[in-house]
Structures are given as C-alpha cells and as structure tokens.
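S.K.: I am attaching a structure below and will ask some questions about it afterwards.
There are 2 protein chains.
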Amino acid sequence: MKKTVLSSGYAGKLFEQIYDYLLDRIRRGEWKPHEKLPSIRSLAMEFNVNRLTVFKAYQLLKENRIVEAKDKSGYYVRPDGSLPVDSLHDPIISAYVHESHLSEIHQVQAEYVLSKSLLDPNLLPNLYFSEYVKQVFDLYPKMLGTYFTAQGDHELRDALCRYFTDYHRFHLAADELLITCGSQEAMDLVARALVKPRDAVMLERPTYSTAIDIFRRQGAAIVPVEIHPYGYDLEQVEKLMQAYKPRLFYLNPTFQSPTGYVVPAEQRKRLVELAERYQCLLLEDDPYRDIYFGEEPPLPLFAYDTAGWVIYLRSFSKYIAPGLGIAIVACRPSIMNYLIKAKLLSDSGTPLVNQKIFLHYFFSERLQQHMEKLRIALAVRKDIVEQELSATDWQWNSPAGGFNLWVKLPETVEIERLLSTCIKQSITFVPGAICDPLKEYKSWIRLSYSYLNEQLLREGILRLVELVDGGSGSSKKQ
Amino acid sequence: MKKTVLSSGYAGKLFEQIYDYLLDRIRRGEWKPHEKLPSIRSLAMEFNVNRLTVFKAYQLLKENRIVEAKDKSGYYVRPDGSLPVDSLHDPIISAYVHESHLSEIHQVQAEYVLSKSLLDPNLLPNLYFSEYVKQVFDLYPKMLGTYFTAQGDHELRDALCRYFTDYHRFHLAADELLITCGSQEAMDLVARALVKPRDAVMLERPTYSTAIDIFRRQGAAIVPVEIHPYGYDLEQVEKLMQAYKPRLFYLNPTFQSPTGYVVPAEQRKRLVELAERYQCLLLEDDPYRDIYFGEEPPLPLFAYDTAGWVIYLRSFSKYIAPGLGIAIVACRPSIMNYLIKAKLLSDSGTPLVNQKIFLHYFFSERLQQHMEKLRIALAVRKDIVEQELSATDWQWNSPAGGFNLWVKLPETVEIERLLSTCIKQSITFVPGAICDPLKEYKSWIRLSYSYLNEQLLREGILRLVELVDGGSGSSKKQ
Numbered sequence: 001m002k003k004t005v006l007s008s009g010y011a012g013k014l015f016e017q018i019y020d021y022l023l024d025r026i027r028r029g030e031w032k033p034h035e036k037l038p039s040i041r042s043l044a045m046e047f048n049v050n051r052l053t054v055f056k057a058y059q060l061l062k063e064n065r066i067v068e069a070k071d072k073s074g075y076y077v078r079p080d081g082s083l084p085v086d087s088l089h090d091p092i093i094s095a096y097v098h099e100s101h102l103s104e105i106h107q108v109q110a111e112y113v114l115s116k117s118l119l120d121p122n123l124l125p126n127l128y129f130s131e132y133v134k135q136v137f138d139l140y141p142k143m144l145g146t147y148f149t150a151q152g153d154h155e156l157r158d159a160l161c162r163y164f165t166d167y168h169r170f171h172l173a174a175d176e177l178l179i180t181c182g183s184q185e186a187m188d189l190v191a192r193a194l195v196k197p198r199d200a201v202m203l204e205r206p207t208y209s210t211a212i213d214i215f216r217r218q219g220a221a222i223v224p225v226e227i228h229p230y231g232y233d234l235e236q237v238e239k240l241m242q243a244y245k246p247r248l249f250y251l252n253p254t255f256q257s258p259t260g261y262v263v264p265a266e267q268r269k270r271l272v273e274l275a276e277r278y279q280c281l282l283l284e285d286d287p288y289r290d291i292y293f294g295e296e297p298p299l300p301l302f303a304y305d306t307a308g309w310v311i312y313l314r315s316f317s318k319y320i321a322p323g324l325g326i327a328i329v330a331c332r333p334s335i336m337n338y339l340i341k342a343k344l345l346s347d348s349g350t351p352l353v354n355q356k357i358f359l360h361y362f363f364s365e366r367l368q369q370h371m372e373k374l375r376i377a378l379a380v381r382k383d384i385v386e387q388e389l390s391a392t393d394w395q396w397n398s399p400a401g402g403f404n405l406w407v408k409l410p411e412t413v414e415i416e417r418l419l420s421t422c423i424k425q426s427i428t429f430v431p432g433a434i435c436d437p438l439k440e441y442k443s444w445i446r447l448s449y450s451y452l453n454e455q456l457l458r459e460g461i462l463r464l465v466e467l468v469d470g471g472s473g474s475s476k477k478q
Numbered sequence: 479m480k481k482t483v484l485s486s487g488y489a490g491k492l493f494e495q496i497y498d499y500l501l502d503r504i505r506r507g508e509w510k511p512h513e514k515l516p517s518i519r520s521l522a523m524e525f526n527v528n529r530l531t532v533f534k535a536y537q538l539l540k541e542n543r544i545v546e547a548k549d550k551s552g553y554y555v556r557p558d559g560s561l562p563v564d565s566l567h568d569p570i571i572s573a574y575v576h577e578s579h580l581s582e583i584h585q586v587q588a589e590y591v592l593s594k595s596l597l598d599p600n601l602l603p604n605l606y607f608s609e610y611v612k613q614v615f616d617l618y619p620k621m622l623g624t625y626f627t628a629q630g631d632h633e634l635r636d637a638l639c640r641y642f643t644d645y646h647r648f649h650l651a652a653d654e655l656l657i658t659c660g661s662q663e664a665m666d667l668v669a670r671a672l673v674k675p676r677d678a679v680m681l682e683r684p685t686y687s688t689a690i691d692i693f694r695r696q697g698a699a700i701v702p703v704e705i706h707p708y709g710y711d712l713e714q715v716e717k718l719m720q721a722y723k724p725r726l727f728y729l730n731p732t733f734q735s736p737t738g739y740v741v742p743a744e745q746r747k748r749l750v751e752l753a754e755r756y757q758c759l760l761l762e763d764d765p766y767r768d769i770y771f772g773e774e775p776p777l778p779l780f781a782y783d784t785a786g787w788v789i790y791l792r793s794f795s796k797y798i799a800p801g802l803g804i805a806i807v808a809c810r811p812s813i814m815n816y817l818i819k820a821k822l823l824s825d826s827g828t829p830l831v832n833q834k835i836f837l838h839y840f841f842s843e844r845l846q847q848h849m850e851k852l853r854i855a856l857a858v859r860k861d862i863v864e865q866e867l868s869a870t871d872w873q874w875n876s877p878a879g880g881f882n883l884w885v886k887l888p889e890t891v892e893i894e895r896l897l898s899t900c901i902k903q904s905i906t907f908v909p910g911a912i913c914d915p916l917k918e919y920k921s922w923i924r925l926s927y928s929y930l931n932e933q934l935l936r937e938g939i940l941r942l943v944e945l946v947d948g949g950s951g952s953s954k955k956q
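Chains as they are written, first to last, in the numbering used here: chain A, 1 to 478; chain B, 479 to 956.
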C-alpha cells in the first residue's frame, strides 16, 4: 500500500516538473517545430529518474498536442505546439479529465443510461412543485431584485440549523452554515481554501471520480484509502495519517459512491478521534443519506466532532430539486472564514431565488411524504437490477441505500472494450477505473439504477448481460 | 512604469517564497511558540534580498496570525501559530483581501451607501417580474426536476446568439457561449482555465478590485496599464506586451469601473490587432453597456476580433435581475473547451431555473421599455451627485454611462481616515487605492450613484462634502 502511495505521490510531482521543463523550452523556442526532442533514455539520465517518469511527461505533452510521436524514431515538436491555446491549461486536470472521460460518457445520448448517478426526473413531484413555487414568488415579490450574500440566505440557514439539530444531533449556529450552488462548488471551495499544492489528501478507493479531479487540480498528492463493506481498516488509516500528515480526508461514509457501503457508527467515532489527533480535516460528503431502503443510516461524523475537524457537505440536488442546485456546508467558524473568502471570489453568492424556493419546498409537508415514496421507488429499481444480475457470476454487495451498484465482472472482460460496444448499443455505465485514484479496479463497473424507469432499467441490464455473455469486451476475442 | 511593474512582479514572488520558507519551519517546529525569529536584517542577508521583501513576508505572517511583533525587539512565533486553520489558505489572496477590505466596507450597514456599484432594487419592476416568472413555470412545469448542462441552456444560448449578432454584429454560434452564475464566476473560470502561476496579466489602473484579487489568487504577475479619459496609451500597451508577453489583458472598455471612461472605437480595433500580434488574450468585461446617458457606446472589442483573441464577458445581473445572477461568456471553441472543463469541476452548471427565467424576461417587451426608464433614472442620480459636488474643488470626468463617479479629493485629505469618519456617520464609499493594483491613487474615491434613491443620494453627498470641508481625514488634523 504505502509503496504505491509514495510512488503515486512523487511520480505525479516529478513527471509534472519534467513536463513543465520541456514545455517551457519548447515555448521559448529552444526546440523548433518539427525538431526532434531528447530521447526518453537521455532525459531519464539527465534528471536521474525512472524512464517511465519521462515517458509520462512525453505522454502528457502528446495529449496536449505540444509534441507528436513518430514510431521508433521518438518525439518531435508539433508545428502548432507553441500556440497558447494548446498550453493554456493546467496539465494536471486536463490530463486527468482526458484519462477519466467521465464527462464524455455522460454526453453520450443513450437509451439505457446506467452511468448517471442522478434521479429519474419523473420521480419528482414536478407539477405540484411548479405550482408551489408560485407561492414563493408571492411571499417574496422583490426576490429577483434582491442582492444575496456570500454565505447564503439567513432564513434558510436558520431553518437548516434547526433541521440538522433535530435530525442529526448537530450542535450548530446559522453562521456555521454556507449555501453553495451544488455540492461540486462546495468541494471546490474547500479544496481551494484549505488545500495547497503538494498537500497530501486522502481519498477513498473507489471514490467519486470528480473528487479525484478536484483535488488533483489543486495539486494535492493523493493518498488512497481502501473502503470495504465493513468500512475502513482504521489501523491503515492511522498509519497513513502518521506517514503523510494529510491536510484532509475526503470521505462519503453513508451509501458511498460508487460502492454503496456504509461506515459503521463505531468507526465514525474513531475516525473523528484520529482526525483530531493527526490534525487531518475530514470532508464528509453526504448526498445519499435520505435514500435508505431499510433502517436509517448512522449519524454523520459531524455529530461526533467536538474539536472542529469535520466539514459536513450535504447536497439536496440529487433528489429534491436538481434544477435548483443547492448544497450546504457545515463547519466551524475558523474554517468558515476561509470558505466565505473563497466564495466571495469564485462567485458573489448562491442566487437568492434558488435558496428561497428550496427553503419552502424542503420544509413542506408534501416533500416529507414524497421522500417515503421515493425510497420505495428506488428500492424497487435496485431489486430489478439485482434480479437480472442474479443469473450471472458477477459479484456485488447489495446496497442498503443510494443510487448505485458496484459490480465485479469476470476478469476475462475488458471493461473499456465492453463500454465502447455498449455505447454502440445505446447503453452507458461507468468503468471502475474512473473511480480509482490509482486507475485500477479493471474488472469493476458502477451501475446506477436511479435514472431509468423500471422497464428501461430491466431491458438495459438484460442487454448489458447479453453483451458480456456474448463475449463483447471479452479478452478471448482479441 | 516598467520599473514599478518589474518590482511588483518579482517582489510578489520573492516575499511569498520567504513567507513559505518561514511558515514551513515554524510548522515543522524548528521555531517553537514564543521563540524569537531571525531579524529582518539577517534574513535579508541570508536570502540576499531587500529588507522590505523580508518585512512583507513577516507582515503576512503577522496578518495570518502565525507570528506576533513585539515593539523594537522583533518577531515571535505565536503560541497557536502552528494550528492548521491559521495557515490553511493561500497567502496571496488572504493578504490581498485583507489589504483591500472591500468586502468589509460592503458589510457595513450604512444609510448612505455610496460604495455599492449595484442597482437600487426599487428601480426594478419587481412586482411585474414576480408575476411574469409564474408564466415561466407554466411553460416548463418540469424545470425544477431537470438536469442542466455545464455550458448552459441551449434555448437561452440560441436567443443570446441572435441578440449579440443583431445588436453587436458578433459572428457567433450558440456553442461559443457559456452561461455562468454571475460575472465573477466567469472571471474566475477564465483565470483558472487560462492563467498559470507567474503568467503576466495586464490590468487597467484603476480597475475593478475583484479582478485584482482573482488574478492575484491565480498567482499572476500583475502588469498595470493606465486608463485615461481618452482610453489607453497604445504605445505603452504595445511596449508592455513586448516586454512581459502577458497571457491576458483584463479590460472594461465601456463605462469602465471605477472611472466611467470609454475606450474609443479606433483604439478598440488597434487593441485587437495588438492582441493578435503579441498573442495576448483580451478579457473584455462589459457589464455597463446598456447604461448609457447619451448615445450608445462603441461596439465591443469582440466585434472586431477575427482571430479569436477576445473573450467577451457580459453580465446582466447588475440591472436586470440581481437575484438571478446570470452572466454570459462568448469566446472561440479552442478556449471554450477549457472553460467548460473548468466549469465542470467548479460546479456542474448554472441552475436551469435561473436561465429560463432570465431568457423569458430579458427578451420581453416589458424589459426593453424598462431599460429606457432605467437609463433616465440613473442619469438623474448622476446629475444630483455632480450638482452637489460642483461647489467643491474635487475633480472628476462626467461619465457618459455606468454607475460610478471617479473623484479626486484635495491631497490634504487622508482617504482612509475620511472613510472611518464616514462609516461612523453611516456613509460608505470605495477608496481609490482598492481599485489600483499598485495601491496608489491615495486621493481618489469611487462614488456609486446607482444604489440610493435621489433624496438619500443628495443627503449622503452633502454630508460627505461637509465632513471633508470640516477637515475630517485632513492631514492638518494630525
């Protein structure tokens, strides 16, 4: 484990240095278009690094269209390699996004969308909602002409404060809440305000792939932590905290994405103790909490935190009003000050309209009734997928909540090849490697049962199983 | 000029290095709490830098509560100086925001708000708007349950595309438009996607202070460009582009904030040529275009650009619907790709509700009629301020549009002292130094006439003039 981490940590840093070194010299014109670049071997000697490291730098230059490779003979400066538009962006993120191509998968117009961990819009009480909203505009006739603050509407923060206190036993003041435009903005604000380049950041593996992108863009050295059906190996977590002094651990302990695993209450308490001992912030992402199929999940880590090391991130867009994009961050004032400063520069605040609509909808009778129906509808869809998969030799742990199934396919199946076949057949899913900071989990996929209606879901899974049994993506076929 | 720029460029870099060096050693515990730190003199010798540079680093450590200064005897490690929450953030931004304290000024609850370059909400057709919005929810009953894309609603982009083509002679496709949550998010996305640490970025002086914060946070070396009532000194602009190869020039050529100056059409054409020749992107911020008191302003720079070096940023929140927070970025695909990638990570997109409401309101008959009234109302308020100032020896250029008056006070007046006196009297304004990357313009202030009604505006200016005449902030008083 440790070895992997170290290499991932340092390799990342080194190959980027070499990337920058080469890019600068090309831009300064020391190597002209069409000119041949030093061999991997010679650069590896020059920098006294592994050839693989130089190779990675060259790969990145290739992806960013700065150089081109000519078989056998080496790398050459592209004629247009010095145009700014080819070199404007941060290599860390662009290379990564390129690798992960999650956004590409989401852009595919497929009939059987098993890749989107999003709620089927037909499961929302849209018509009722639409009528309801009109009352909100009667309540605040001047809403659209009102300026909003960076931290968020006070009425909404007061209401959420009471909610978190009543339902999650938080000890909280309204000033310890920040309203953001969705959970991604919240994660990004935390990363920008609290993580510096080269800081170590712990991520679960597998994890929410966007988290990998966000923290890598911030220049963090990623320290992966396995998550298991029973939670984490806390001894390993402690060893990692000791070894890497991480600034922050991003975790999704409740119906985790993609696995659906739940970290037990006992581990939550101990995690908070570890965080305090090793001064490692815990960023607790909790978007699926209300989507439980059996009993309610354990309390958030934030409820156990007294020293202020937990930052609680709660998104409601997943199942309340995707069109509103509202998320909430709870943290202590010392940290809140930095988040507000970051928010002040990244946008002037979350639009008031969205906050007021959310406020009155979220606390309505109607929504609370609706949540019950929603849980049942999603449990049914999950069962459908599990029924259809029961005939296969695929492996998964049946999730007790959330939107996703984390499935292991036979090792003979090449996931990337399967995906391209599926896309041709109008089926999409998420390859496991995208959810892994180390890009492994080659035989795993994430299947979301939240987006399709029951019939399409059943059909989609059936077709997927057929394609795998039919040998698509099977390595035998090579 | 050049000298200032260089020193600002390098000093910034150096003092941050020294800051990081000291911070790391304090965190590693090499200097314990209460321990005395090396003298400025010795560090200046150690690093072979100017003492002022070391002083700046220590100032920053002091601001960030890592060290404390004891008169005469030097700097000491604060007992809590090693707590992460004191050292989590990016020194560039925090120091700057601290310096500029613009947000602090805006947080003051004053009766005479001359500091906010925002529209008086009572000038908006709020009640009509509120009714109008309800129709939008009838049009899109499922809107709140609909997921939105990173680039923005296609219907809105199509409509804006036609608008920009008809009114500004843009040659544009819907895919060359990005919808953001307000202009600040747009600026931030451009900075993150296109500016790397240590890139040179040209800024007008004076300029919109948030722009200084955003580009400094990105680690850019700021290259200031004077703006005059007649525009820029284009020879100087060319010299700077030659000397510093800036990645980008952020400019606000139409009713510029804070000055209200307008860059003439002839200069716009030449600027676009210079941008192309020196491969310097032009980020054209255009929030005041529709607020003209006489004839319409010249076409945006974007209209003259054929090679794709202009990024056009148009915010409508200033005067259409602050509560919606909608801004638009127009740029060519090569750049749009990077902005979309950045947007995908910073939030998943601008909420659909806001876009649809904006779409139907912006293109309504009613709004176009309203704009005419708005221009008259603002012209009247501007005249009020100028009447009240006519008796003084203060200097300003009467703006032909926008929200602000850029005023030079007698040099005997100490602006910072005047501001604190004013705040006690419930009056706020923006000190000129905040709008200057070099922190000069010690005798200038920005007075916004957009936020107060006519009576409060007149009273506020009268009181301000009295306070200055009464000698508040006058250095004689020291």
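For glycine and all other residues, C-beta sits at the position ideal for the given N, C-alpha and C. From a predicted model like this one, the values you see are computed outputs, not experimental measurements.
Kindly indicate if chain A contains any beta-carbon less than 7 Å away from that of Ala808 (chain B).
M.R.: It does not: the Cβ of Ala808 (chain B) has no partner Cβ on chain A nearer than 7 Å.
S.K.: Please list the partners that Thr146 (chain A) has in chain B, where partner means a Cβ-to-Cβ separation under 8 Å.
M.R.: In chain order: Pro599, Pro800, Gly801.
S.K.: Would Tyr497 (chain B) count as contacting chain A if we go by Cβ distances under 7 Å?
M.R.: Not an interface residue.
S.K.: Buried or exposed: which applies to Met665 (chain B), given that a residue is buried once 16 or more other Cβ atoms fall within 10 Å of its Cβ?
M.R.: Looking at its Cβ environment, which holds 16 or more other Cβ atoms inside 10 Å, Met665 (chain B) is buried.
S.K.: Under 8 Å Cβ-Cβ, which residues of chain B neighbour Pro141 (chain A)?
M.R.: Under the 8 Å cutoff, chain B gives Asn604, Leu605, Ser608.
S.K.: Do the region 207–223 of chain A and the region 154–168 of chain A make contact, defined as three or more Cβ pairs closer than 8 Å?
M.R.: Output reads no: the region 154–168 of chain A does not touch the region 207–223 of chain A.
S.K.: With a 10 Å radius around its C-beta and 16 neighbouring C-beta atoms as the bar for buried, classify Ser560 (chain B) as buried or exposed.
M.R.: Confidence at Ser560 (chain B) is low in this model, with a pLDDT of 41, below 50, so its placement is unreliable and the value that follows should be read with caution. So Ser560 (chain B) counts as buried.
S.K.: When burial is assigned at 16 or more other CB atoms within 10 Å of the CB, is His370 (chain A) buried or exposed?
M.R.: The residue is buried, with at least 16 neighbouring Cβ atoms inside 10 Å.
S.K.: What does Arg25 (chain A) reach in chain B if we use C-beta pairs closer than 7 Å?
M.R.: Under the 7 Å cutoff, chain B gives no residues; its nearest Cβ is about 15 Å from Arg25 (chain A).
S.K.: Considering Cα atoms alone, identify which of A:Phe293, A:Tyr21, A:Val133 is closest to Ala321 (chain A).
M.R.: Among A:Phe293, A:Tyr21, A:Val133, the Cα nearest to that of Ala321 (chain A) belongs to A:Val133.
S.K.: Using a C-beta to C-beta distance shorter than 8 Å, which residues of chain B count as neighbours of Val353 (chain A)?
M.R.: Per Cβ cutoff of 8 Å: Gly801, Leu802, Val831, Asn832, Ile835.
S.K.: Give me, in chain order, the residues of the same chain whose beta-carbon lies closer than 7 Å to that of Gln903 (chain B); leave out the 5 immediate sequence neighbours on both sides.
M.R.: Cβ neighbours of Gln903 (chain B) beyond the five flanking positions: Arg941, Leu945.
S.K.: Rounded to a whole number of angstroms, what is the C-alpha to C-alpha distance between Ile998 (chain B) and Tyr497 (chain B)?
M.R.: Given a span of 479 to 956 for chain B in the structure shown, any question on residue 998 (chain B) remains unanswerable.
S.K.: Specify the secondary structure class of Asn122 (chain A) as computed by DSSP and reduced to three states.
M.R.: Asn122 (chain A): helix per DSSP, three-state reduction.
S.K.: With a Cβ-Cβ cutoff of 7 Å, do Gly231 (chain A) and Val263 (chain A) count as a contact?
M.R.: Yes. Within cutoff.
S.K.: Can you list, in chain order, the stretches of the alpha helix (DSSP H) that have 4 or more residues and sit fully within the region 188–259 of chain A?
M.R.: Counting whole runs of 4 or more residues, the region 188–259 of chain A contains the alpha helix (DSSP H) stretches 209–217, 234–244.
S.K.: Does Glu682 (chain B) pass the burial test, meaning 16 or more other C-beta atoms within 10 Å, or should it be called exposed?
M.R.: The residue is buried, with at least 16 neighbouring Cβ atoms inside 10 Å.
S.K.: Tell me which residues of the region 657–672 of chain B have at least one Cβ-Cβ distance to chain A shorter than 7 Å, keeping chain order.
M.R.: Of all residues in the region 657–672 of chain B, Cys659, Gly660, Gln662, Glu663, Asp666, Ala671, Leu672 have a Cβ within less than 7 Å of some Cβ in chain A.
S.K.: In whole angstroms, what is the alpha-carbon distance linking Pro437 (chain A) and Asp914 (chain B)?
M.R.: Cα to Cα, the separation comes out at about 43 Å.
S.K.: Measure the CB-CB distance between Val385 (chain A) and Leu283 (chain A) and report whether it falls below 7 Å.
M.R.: Not in contact: Val385 (chain A) and Leu283 (chain A) (Cβ atoms no closer than 7 Å).
S.K.: Give me the Cα-Cα distance between Lys56 (chain A) and Val67 (chain A), rounded to the nearest whole angstrom.
M.R.: Cα-Cα distance, rounded: 13 Å.
S.K.: At which residues does the beta strand (DSSP E) containing Ile957 (chain B) begin and terminate?
M.R.: Outside the shown range of chain B, which is 479 to 956, sits residue 957 (chain B), and nothing can be said about it.
S.K.: Given this structure, state the Cα-to-Cα distance separating Ser367 (chain A) from Leu156 (chain A), to the nearest angstrom.
M.R.: First, the amino acid is wrong: residue 367 (chain A) is Leu here, not Ser. C-alpha separation (whole angstroms): 16 Å.
S.K.: Could you give the C-beta distance for Arg332 (chain A) and Leu281 (chain A), rounded to a whole number, given that I count them as a contact under 8 Å?
M.R.: About 11 Å separates the two Cβ atoms, so there is no contact after all.
S.K.: With a threshold of 16 other CB atoms inside 10 Å of the CB of Glu508 (chain B), please say whether the residue is buried or exposed.
M.R.: It counts as exposed.
S.K.: Could you list which residues in chain A have their beta carbon closer than 9 Å to that of Gly692 (chain B), in chain order?
M.R.: The sequence shown places Ile at residue 692 (chain B), rather than the Gly named in the question. Neighbours of Ile692 (chain B) on chain A, chain order: Leu345, Ser346.
S.K.: Does Thr658 (chain B) pass the burial test, meaning 16 or more other C-beta atoms within 10 Å, or should it be called exposed?
M.R.: Result: buried.
S.K.: Suppose contacts are defined by Cβ-Cβ distances below 7 Å. Is Val108 (chain A) in contact with Ile423 (chain A) by that definition?
M.R.: A contact, by the Cβ cut-off of 7 Å.
S.K.: Using beta carbons (cut-off 7 Å, strictly below), is Val611 (chain B) in contact with chain A?
M.R.: Interface residue, yes.
S.K.: Give the straight-line distance between the Cα atoms of Phe836 (chain B) and Tyr288 (chain A), rounded to the nearest whole angstrom.
M.R.: Taking the straight line from one Cα to the other gives about 31 Å.
S.K.: Please state the DSSP three-state secondary structure of Leu852 (chain B).
M.R.: Residue state, collapsed to three classes: helix.
S.K.: Just to make sure I have the definition right: I need the residues of chain B whose C-beta is within less than 9 Å of the C-beta of Leu118 (chain A). Which are they?
M.R.: Those are Tyr625, listed as they occur along chain B.
S.K.: Taking DSSP's pairing of strands, which residues face Arg446 (chain A) in a bridge?
M.R.: Beta-bridge pairing links Arg446 (chain A) to A:Trp406, A:Val430.
S.K.: Quick check: what's the CA-CA separation for Arg270 (chain A) versus Ile291 (chain A)?
M.R.: If I take the Cα positions, the gap works out to 25 Å.
S.K.: Classify Lys343 (chain A): buried if its beta carbon has 16 or more other beta carbons within 10 angstroms, exposed otherwise.
M.R.: It is buried - the Cβ of Lys343 (chain A) has at least 16 other Cβ atoms within 10 Å.
S.K.: Applying the criterion that 16 or more other CB atoms from any shown protein chain within 10 Å of the CB defines a buried residue, is Ile893 (chain B) buried or exposed?
M.R.: It is buried - the Cβ of Ile893 (chain B) has at least 16 other Cβ atoms within 10 Å.
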